[in-house]
Each structure stands twice: as C-alpha cells, then as structure tokens.
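Take a look at the structure set out below.
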Amino acid sequence: MSDLTDADRLLNATAADVRQLPAELGDAVRRAQDELLEAVSRFAPGIAALMHHLPAARAITLARRGKVAEIRADLALMTPDEREELHAAAQLLAQLTKPDARAEQP
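Here the sequence shown stands for residues 572 to 677, where the numbers follow my numbering.
Now the structure itself:
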C-alpha cells in the first residue's frame, strides 16, 4: 500500500518537489509525469465517449435486474438531454428487437 502512495505522491509532485529530489530521480519523475499526461491526452476522447454512454448502459443493466427504484433515482439525476437520449435509445431498441423488424435488417 505504501508503494502506491509513494508512486501517487511522485506523480503528483510539484515542480518545487521535483527540484528537491536528486537529479536522476527528479528526471525520472518528470518523465513519468510526461508519460502520464501523454497517455491521458491520447485516451481522453475515448474515455469521454465512453462516459457519454454510461447512463444508458447503467439503465439497461438495472432494467435487466428489475431494479426500478435505482433506475428512477438515476433518472432523477440525469439532465433532460440525457433522459431524451435514453428514451430515444430505448425506442430504437424496442423497434429493432421486434421479431418482424429483425428479419428486415440487412
């Protein structure tokens, strides 16, 4: 557990903290920070896209489990746009899962 705390502390080190470290270790911390920032920036669009779909995915999972109270609580926290998107997705899923609609799909 202390290793994780130390690693977290080093990655979040300020410039002043890094200057106080021995030169070799300070360089390693700067490289780690640069790599972390590069990785975050590279994956940020995908993470944002995934986060955009989480409310609908959670609603579907809760619906499968019959968790009506949880769905209502989530709906209360959603923005009007998120509720509208969820409603549109539900309508499309209902349309596409009709037995005759599946036969019509290419």
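Glycine is no exception: its CB is placed at the ideal position from the N, C-alpha and C atoms.
Can you tell me which of the three DSSP states proline 616 falls into?
Translated into the one-based positions of the sequence shown, residue 616 becomes position 45. Reduced to three states, the DSSP call for proline 616 is helix.
Integer-rounded CB distance, given that proline 616 should sit under 8 Å from glutamate 653:
Locating residue 653 in the sequence shown gives position 82, where the first residue counts as 1. Locating residue 616 in the sequence shown gives position 45, where the first residue counts as 1. About 19 Å; that fails the 8 Å criterion.
8 Å contact criterion, which isoleucine 642 and leucine 633 should meet: CB distance rounded
Start at 1 with the first residue of the sequence shown, and residue 642 comes out as number 71. Start at 1 with the first residue of the sequence shown, and residue 633 comes out as number 62. About 5 Å; that satisfies the 8 Å criterion.
What is the DSSP secondary structure of proline 593, reduced to helix, strand or coil?
For the purposes of this step, residue 593 is taken as residue 22 along the sequence shown, with counting starting at 1. Proline 593 falls in the coil class under three-state DSSP.
Does DSSP put arginine 636 in a helix, a strand or coil?
Counting from 1 along the sequence shown, the entry for residue 636 is found at position 65. Three-state result, arginine 636: coil.
Let me confirm a value: alanine 594 is counted as buried when at least 16 other C-beta atoms fall within 10 Å, else exposed. Which label applies?
The residue labelled residue 594 in the question sits at position 23 within the sequence shown. With fewer than 16 Cβ atoms within 10 Å of its Cβ, alanine 594 is classed as exposed.
Does alanine 665 come out as helix, strand or coil in the three-state DSSP assignment?
Reading the sequence shown from its first residue, position 94 is the one you call residue 665. Helix at alanine 665.
Can you tell me the Cα-Cα spacing of leucine 664 and arginine 602, whole angstroms?
Stepping through the sequence shown from its first residue, residue 664 is reached at position 93. Stepping through the sequence shown from its first residue, residue 602 is reached at position 31. So the two alpha carbons sit approximately 47 Å from each other.
Take alanine 661 as the anchor and find which of Ala628, Asp645 and Thr650 has the nearest alpha-carbon.
If you number the sequence shown from 1, residue 661 lands on position 90. The candidate whose alpha carbon is nearest that of alanine 661 is Ala628.
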